[in-house]
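Engineer: Sharing a structure below in structure tokens format, with a few things to ask.
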Amino acid sequence: TQTINHKNHLEIGGVDTVTLAEKYGTPLYVYDVETIRAKSRAFKAAFDHYPINYKVAYASKAFSSVAMVQLAAELDLALDVVSGGELYTALVAGYPSENIHFHGNNKSEQEIKMSIEHHIGAIVVDNFSELEMVKNISEMEQKQVKVLLRMTPGVEAHTHEYITTGQMDSKFGFDLMNGEVKRAIQFALEAKTIELCGLHSHIGSQIFDVNGFIHAIQRVYDHIAIWHKELNYTPDILNVGGGFGIAYTKKDEPQPVETLIRSIVETVIAEAEKHELGLPEIWIEPGRSIVGEAGTTLYTVGTQKNIPNVRKYITVDGGMSDNLRPALYQAEYEAIIANRAGELPEEHVAVAGKLCESGDILIQDIELPVAERGDLLAVFCTGAYGYSMSNNYNRLPRPAVVFVEEGQDQLVIKRETYEDLLQFDLSLQTPIKEK
Ligand code: LLP
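If you use our numbering, the sequence shown corresponds to residues 509 to 943, in order.
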């Protein structure tokens, strides 16, 4: 929760942001833990209305860190990982491996081995060459492996609309429409070391409209009915992916989580009844909608540049190195001056980052009080794909991350130092080669 205190400072989770900036420096990612708790509670409460088994898995690509994974465990969220690095983070955090599932369209042999050795909950197999690899490795290791098959349902959701195509051009998953999924199911059923637990589809990210989910589920069920007849196979688990949208700005109007989950669950129930099949366990894997709104980035305002009648730039001490989304997706954000949080906006400005790239603009156009050097700028909704897509462009050290809750703050990722930046650098050996 965010409030303005008697000093006119923005407070997050009961902690003064000016105090946080003084204590930890800027840029700084601040996560309001109560928001993360509330989001996961909302997903679960939506499912709890129905007599079905379900799993809410946190897609850790949105923000993976030891503390975040530990919080996910505390909140009884399952975990979606997409790399050996995310899996390693989860294992080091002490996260129970049977609750982890592993995604990705090109898992390495080492990643598959790691998943099998740690008995993770499921490998979500993406394509035939991976399916063969999983079979071979599990046979070699003489271990059973739980598998979901990822399908491309030919339904693609964008923020506001969705499109359906027979054949979808996607690098992910087995194609539903051309018989690939059926062949993959047959292959998995025949492999003795593979336990085929179910099917997965993911139709996109930052989705506002539930119709894409409904159509994908209906389309999948038309096929499940056929597989039931022809292969005597029905999935125990149906994972419908993540992608639930959030409001970055006032223009964004996502449907509430309750509405989305209700439609998903009711569609699955209706389809299962229509085809006289048992109910599967329903899994979802939200990332952004769990952590996005919980995160705020604090920056210190530095220089300014005014181009009369064109634009005024105010520059902050971070930018596309800590938030790539504006440069990459023209993503929009809202912000306030956190040390004068109650003041009314007075002028239109662009918020620029400090990186050597003209496209490094965090916010193209925003109304703010007149900013001065040293002011603290709070950019909201940066909790998903902020830190996780951060980088060291221009050799900027990555910012620190703090969790706040009930007036307490806790450092969960340290700020990188210049020494950290050089930890993998080696000095030039002379001569490099003999003349
Ligand atoms: N499951 C699968 C299979 C996914 O591919 C994704 C996201 C998720 C779950 C979680 O989606 P979410 O609930 O967070 O929308 N970097 C982009 C988003 C890329 C999403 C990739 N896949 C961004 O910053 O908007």
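For glycine and all other residues, C-beta sits at the position ideal for the given N, C-alpha and C.
(1) Leaving out five residues on either side along the sequence, give the residues of the same chain with a beta carbon under 8 Å from the beta carbon of Gly-602.
(2) Is there at least one non-hydrogen atom of ligand 1 closer than 8 Å to the beta-carbon of Gln-714?
(3) State the beta-bridge partners of Val-538 as determined by DSSP.
(4) Taking the alpha-carbon positions, what's the Ala-846 to Leu-518 distance?
(5) Relative to the C-alpha of Leu-739, which residue among Glu-698, Arg-923, Asn-686 is closest?
(6) What is the DSSP secondary structure of Thr-823, reduced to helix, strand or coil?
(7) Can you list, in chain order, the residues of its chain whose CB lies under 6 Å from that of Ser-623, leaving out five sequence neighbours each side?
(8) How many angstroms separate the CA atom of Thr-543 from the CA atom of Arg-727?
(9) Assuming the contact rule is C-beta atoms closer than 8 Å, Ile-772 and Phe-721 should be a hit. Round their C-beta distance to whole Å, please.
(10) Ile-815: buried (16+ other C-beta within 10 angstroms of its C-beta) or exposed?
(11) I need the straight-line Cα distance from Thr-672 to Glu-801, nearest angstrom please.
(12) Let me make sure I understand the geometry here. Which of Lys-547, Phe-716, Arg-923 has the alpha-carbon closest to that of Asp-830?
(13) Determine the closest residue to Val-776 out of Ala-724, Leu-639, Gly-751, with distance taken between C-alpha atoms.
(14) If you count every other CB in all the chains shown that lies within 10 Å of the CB of Thr-597, and 16 or more means buried, which is it?
(15) With distances taken from CA atoms, which of Lys-759, Thr-805, Tyr-926, Val-538 is nearest Glu-840?
(16) Rounded to whole angstroms, what is the Cα-Cα separation between Met-828 and Val-799?
(17) Can you check which of these residues, Ser-896, Glu-640, Ala-908, is closest to Arg-796 by C-alpha distance?
(18) Evaluate contact between the region 900 to 909 and the region 517 to 537, counting only Cβ atoms and requiring at least three cross-stretch pairs below 8 Å.
(19) Evaluate the contact criterion for the region 693 to 709 versus the region 639 to 646: three or more CB pairs, one atom per stretch, below 8 Å.
(20) Among Leu-885, Phe-551, Lys-862, which one has its Cα closest to the Cα of Arg-770?
(21) On a CA-only basis, which of Leu-863, Pro-788, Ala-886 is nearest Ile-874? Give me that one, please.
(22) According to DSSP, simplified to helix, strand and coil, what is Lys-615?
(23) Along the beta strand (DSSP E) that carries Gly-706, what are the first and last residues, could you check?
(24) Run through the DSSP bridge pairs and tell me what Trp-791 is partnered with.
(25) So if DSSP puts His-814 in a beta bridge, which residue, or which two residues, is it bridged to?
(26) Can you name the residues that DSSP bridges to Arg-658?
(27) Quick check: what's the CA-CA separation for Asp-677 versus Cys-864?
(28) Assuming contact is defined by CB atoms lying nearer than 9 Å, are Ile-745 and Leu-806 in contact in what I supplied?
(29) Start and end of the beta strand (DSSP E) containing Ile-671?
(30) I need the DSSP call for Gln-931, collapsed to helix, strand or coil.
(31) Can you give me the start and stop residues for the alpha helix (DSSP H) that Ile-798 sits inside?
(32) For Glu-855, which option in Gly-861, Leu-832, Ile-869, Lys-820 has the closest C-alpha, if you only look at C-alpha atoms?
(33) Going by DSSP in three states, Phe-680 sits in which element: helix, strand or coil?
(34) Can you determine whether any heavy atom of ligand 1 sits closer than 8 Å to the C-beta of Ala-839, and answer yes or no?
(35) I need the DSSP call for Glu-468, collapsed to helix, strand or coil.
Structural biologist: Put simply:
(1) Gln-578, Ala-581
(2) yes
(3) Thr-804, Val-910
(4) 5 Å
(5) Glu-698
(6) strand
(7) Phe-610, Ile-631
(8) 34 Å
(9) 5 Å
(10) exposed
(11) 30 Å
(12) Arg-923
(13) Ala-724
(14) buried
(15) Lys-759
(16) 19 Å
(17) Ser-896
(18) yes
(19) yes
(20) Phe-551
(21) Ala-886
(22) coil
(23) 702 to 708
(24) Lys-563, Asn-747
(25) The question names His, but residue 814 in the sequence shown is Asn. The partner list for Asn-814 (beta bridge, DSSP) reads Lys-820.
(26) His-708
(27) 35 Å
(28) no
(29) 670 to 672
(30) coil
(31) 796 to 799
(32) Lys-820
(33) coil
(34) yes
(35) Past the boundaries of the shown model lies residue 468; the chain is included only from 509 to 943, so the question cannot be answered.
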